[in-house]
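Here's the structure we're looking at; comments come further down.
Residue numbers (the working numbering): 80 to 192.
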């Protein structure tokens with residue numbers, strides 16, 4: 080029985096009783112008296128656990144996407160640094176430097192599309 084099924088069963092029992100009630104276990108030949116206030120609190124806690132599990136799954140998906148985006152940005156930043164270093168360390172004339180800058184910037188723009 081899943082937690083959700085168990086919670087549904089408990090909620091059905093809760094609808095059938097008054098302020099306090101007894102739960103009878105025929106297999107063990109026992110009876111337990113439960114205060115309605117405590118029982119309701121337990122139901123709320125079980126519902127909250129389900130909500131938190133859902134939130135956790137959602138946050139894990141967001142985290143995975145952010146990690147992937149971080150890796151992509153890290154690689155892009157690495158490429159930008161390489162281009163800047165090439166341009167900074169270039170010893171040619173101004174026209175050749177300008178042509179190199181155009182070529183490298185064009186490559187970067189193509190990669191980012």
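Yeah, the Cβ is synthetic: ideal placement off N, Cα and C, and Gly gets one too.
Please read these numbers as outputs of a predicted model, since none were measured by experiment.
Using the C-alpha atoms, what's the distance from residue 187 back to residue 159?
8 Å
Which two residues bound the contiguous alpha helix (DSSP H) that contains residue 169?
Taken as a continuous stretch (DSSP letters only), residue 169 belongs to no alpha helix (DSSP H), as it is neither H nor E.
Using 8 Å for Cβ pairs, my map puts residue 155 next to residue 183. What's the rounded Cβ distance?
Incorrect: roughly 14 Å between the Cβ atoms, too far for contact.
What is the DSSP secondary structure of residue 182, reduced to helix, strand or coil?
helix
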